[in-house]
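There are 4 protein chains.
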Amino acid sequence: MINPVETSIRVRYAETDGQGVVHHGNYMTYFELGRIEHLRANGMVYSEFEANGHFLVVANVECKYLAPVRFDDELILRTNLVDHSRVKLVHTYQVLRDERIMTEAKTTIVCVDREGKVTRLPEKLIC
Amino acid sequence: MINPVETSIRVRYAETDGQGVVHHGNYMTYFELGRIEHLRANGMVYSEFEANGHFLVVANVECKYLAPVRFDDELILRTNLVDHSRVKLVHTYQVLRDERIMTEAKTTIVCVDREGKVTRLPEKLIC
Amino acid sequence: MINPVETSIRVRYAETDGQGVVHHGNYMTYFELGRIEHLRANGMVYSEFEANGHFLVVANVECKYLAPVRFDDELILRTNLVDHSRVKLVHTYQVLRDERIMTEAKTTIVCVDREGKVTRLPEKLIC
Amino acid sequence: MINPVETSIRVRYAETDGQGVVHHGNYMTYFELGRIEHLRANGMVYSEFEANGHFLVVANVECKYLAPVRFDDELILRTNLVDHSRVKLVHTYQVLRDERIMTEAKTTIVCVDREGKVTRLPEKLIC
Numbered sequence: 001m002i003n004p005v006e007t008s009i010r011v012r013y014a015e016t017d018g019q020g021v022v023h024h025g026n027y028m029t030y031f032e033l034g035r036i037e038h039l040r041a042n043g044m045v046y047s048e049f050e051a052n053g054h055f056l057v058v059a060n061v062e063c064k065y066l067a068p069v070r071f072d073d074e075l076i077l078r079t080n081l082v083d084h085s086r087v088k089l090v091h092t093y094q095v096l097r098d099e100r101i102m103t104e105a106k107t108t109i110v111c112v113d114r115e116g117k118v119t120r121l122p123e124k125l126i127c
Numbered sequence: 128m129i130n131p132v133e134t135s136i137r138v139r140y141a142e143t144d145g146q147g148v149v150h151h152g153n154y155m156t157y158f159e160l161g162r163i164e165h166l167r168a169n170g171m172v173y174s175e176f177e178a179n180g181h182f183l184v185v186a187n188v189e190c191k192y193l194a195p196v197r198f199d200d201e202l203i204l205r206t207n208l209v210d211h212s213r214v215k216l217v218h219t220y221q222v223l224r225d226e227r228i229m230t231e232a233k234t235t236i237v238c239v240d241r242e243g244k245v246t247r248l249p250e251k252l253i254c
Numbered sequence: 255m256i257n258p259v260e261t262s263i264r265v266r267y268a269e270t271d272g273q274g275v276v277h278h279g280n281y282m283t284y285f286e287l288g289r290i291e292h293l294r295a296n297g298m299v300y301s302e303f304e305a306n307g308h309f310l311v312v313a314n315v316e317c318k319y320l321a322p323v324r325f326d327d328e329l330i331l332r333t334n335l336v337d338h339s340r341v342k343l344v345h346t347y348q349v350l351r352d353e354r355i356m357t358e359a360k361t362t363i364v365c366v367d368r369e370g371k372v373t374r375l376p377e378k379l380i381c
Numbered sequence: 382m383i384n385p386v387e388t389s390i391r392v393r394y395a396e397t398d399g400q401g402v403v404h405h406g407n408y409m410t411y412f413e414l415g416r417i418e419h420l421r422a423n424g425m426v427y428s429e430f431e432a433n434g435h436f437l438v439v440a441n442v443e444c445k446y447l448a449p450v451r452f453d454d455e456l457i458l459r460t461n462l463v464d465h466s467r468v469k470l471v472h473t474y475q476v477l478r479d480e481r482i483m484t485e486a487k488t489t490i491v492c493v494d495r496e497g498k499v500t501r502l503p504e505k506l507i508c
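Chains as they are written, first to last, in this note's numbering: chain E, 1 to 127; chain L, 128 to 254; chain H, 255 to 381; chain F, 382 to 508.
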């Protein structure tokens, strides 16, 4: 497995808020992007899981904002799958700018079916 | 029919961008809110249309940004259904702050089915 | 001090994602709204802090997503200031729908000046 | 001048809404991205304009949504500067997927100073 996976992100203007920095909520979108690219780097396409009725959802998130990032900043998002079982995936994330860690986070992902009921993760994910 | 319908909106911090004003894209969310409340004021709940397989989608939008609005501003959104046929609804919008028009817009809405094919509007909408 | 403070939120369509539920990142916007209204309920207007060069920023967040919420859901956000010192505020949040807790979170807020340097909180906030 | 400028965009999950397609408001963010990259392709960095007190703002937008795009779609955004004077820039946009035009738009951009007053465009932009 390729792990961690690094993804380049350039900050969009719309992602900033009135303080001129990326709004803290928008990092959740970055981390999601990191998970998608982590899957892709390992030969999986997330939309195929949904097509088969497996929906990955965030069960919890912890995020530490160490320093702000700004419009047009070129960031590296490092996504690391640090733990997994039959029912959950745990990722950690680092957002770096010029090799400095700006933000750190951790998420737990679970899988739900079309009815929203928590299920086991698809086999492909946990091999 | 109650028309126009006025909706109060208080600007959220996350809706502002690095210029300290509401990002121009976020007005689309305001107008959508206006249409939802226009329906509600006239006895209709949008989610019921979707439950019945009728999805209202924006076919086009024109928007004039006359003056910026800021965090915590108290706005009035005036949503006006100005034209409708069996296949489309045309709304105009005014965003007002202290009775001054800050933004004006117009949208055309059409209806698609679960497969995304354009269909006639639900009867209830065009009576 | 009025604490906790309850804020009504009706889910906007744009806040949902392809799973038909509120995107997990959008809760950060809800919590921010809760803090703004917590201040207002206690006689403070956040924009005045910024006008005086005090910018409140999120230093960390922990969020547990217990159950999804959907378009048009009427939510109660309960914002509770649970701890504060000269340099930080700690809030907890509960998002409720029909008295059921759907999401729980905790944030730590610090204050930065115009240059982004961490400073003491404004006196008014910690009295 | 390099014109039009093509930008690759891969649709993020958070950009979709409850209909499973990109929310119509998010295209505004795509077009903004197109303008930023149009400037960059022509040797200009938008943040430098702001550093010098020139803020480009959208005065109006017209957008036609021809067909929906979905999570993970790989899009080409074609940004074309079609007209400019001392006070405004007019761009057109095409969002393409597999060479099919999914969305078309046109914006007018003006320049404001730090006080929000409309000014002439920076010289560099109109040469």
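Glycine included, each C-beta is placed from N, C-alpha and C at the ideal position.
Computed from a prediction, not measured in an experiment: that's the story for all the values here.
Starting from residue i, trace the alpha helix (DSSP H) in both directions and tell me its first and last residue.
i: K378 (chain H); result: E377 to I380
i: I290 (chain H); result: N280 to A295
Going along chain H, which residues have a C-beta under 7 Å from residue i?
i: H472 (chain F); result: The premise fails here: H472 (chain F) is roughly 24 Å from chain H at the closest Cβ pair, so nothing lies under 7 Å.
i: F452 (chain F); result: G272
Give the interface partners of residue i over in chain E, defined as CB-CB distance under 8 Å, in chain order.
i: P322 (chain H); result: V57 and G116
Return the chain-ordered list of same chain residues with a C-beta closer than 7 Å to the C-beta of residue i, the five sequence neighbours on each side being excluded.
i: D17 (chain E); result: H23
i: D326 (chain H); result: R264 and V265
i: R368 (chain H); result: G307
i: F285 (chain H); result: Y347, A359 and T361
i: V188 (chain E); result: No information on residue 188 (chain E) is available, as it lies outside the stretch 1 to 127 that chain E covers here.
i: P4 (chain E); result: R78, T79 and N80
i: G274 (chain H); result: R324
If you drop the 5 nearest sequence neighbours on each side, which residues of the same chain put their C-beta closer than 8 Å to that of residue i?
i: N179 (chain L); result: P249
i: R213 (chain L); result: R247, L248 and I253
i: V372 (chain H); result: V341, V364, C365 and V366
i: M425 (chain F); result: K505 and L506
i: V57 (chain E); result: I109, V110, C111 and V112
i: L33 (chain E); result: T7, I9 and L77
Just to confirm my understanding: we take residue i, look at its own chain, exclude 5 residues before and 5 after, and list those with CB closer than 6 Å. What are they?
i: Y46 (chain E); result: I36 and L39
i: M1 (chain E); result: N42
i: E201 (chain L); result: R137
i: V315 (chain H); result: T361
i: E358 (chain H); result: K318 and Q348
i: A234 (chain H); result: The structure shown does not extend to residue 234 (chain H), since chain H is modelled only from 255 to 381, so the question has no answer here.
i: L470 (chain F); result: I490
i: A59 (chain E); result: T108 and V110
i: E387 (chain F); result: I457 and R459
Can you pull the chain E neighbours of residue i, defined as C-beta to C-beta under 7 Å?
i: Y173 (chain L); result: Within chain E, no residue comes near Y173 (chain L); the closest Cβ sits about 21 Å away, beyond 7 Å.
For the beta strand (DSSP E) that residue i lies in, which residues bound it at each end?
i: I383 (chain F); result: Neither: I383 (chain F) is in no beta strand (DSSP E) and is coded neither H nor E.
Starting from the beta carbon of residue i, find every residue of chain L whose beta carbon is closer than 7 Å, and list them in chain order.
i: C444 (chain F); result: N187 and V188
Going along chain E in order, which residues have a C-beta closer than 9 Å to the C-beta of residue i?
i: E413 (chain F); result: R12, Y13 and A14
Name the chain F residues whose beta carbon is nearer than 8 Å to that of residue i?
i: I76 (chain E); result: The contacting residues do not exist; I76 (chain E) stays about 17 Å from chain F at best.
So which residues on chain H does residue i lean against when the C-beta distance must stay under 8 Å?
i: I253 (chain L); result: Near I253 (chain L) there are no residues of chain H at all, since even the closest Cβ is about 21 Å away, more than 8 Å.
For residue i, is the beta carbon positioned less than 7 Å from some heavy atom of the ligand NAD?
i: G116 (chain E); result: Looking for the ligand NAD in the displayed structure turns up nothing, as the structure carries no ligands at all.
If we require 3 or more residues per run, which beta strand (DSSP E) segments fall completely within the stretch 47-124 of chain E? 55-65, 74-84, 89-97 and 100-112
Going along the chain, which residues of the stretch 257-283 of chain H sit with their C-beta nearer than 9 Å to a C-beta in chain E?
G272, Q273, V275, H277, H278, G279, N280, Y281, M282 and T283
### Query
Between the stretch 474-493 of chain F and chain E, which residues of the former have a C-beta closer than 9 Å to a C-beta of the latter?
none
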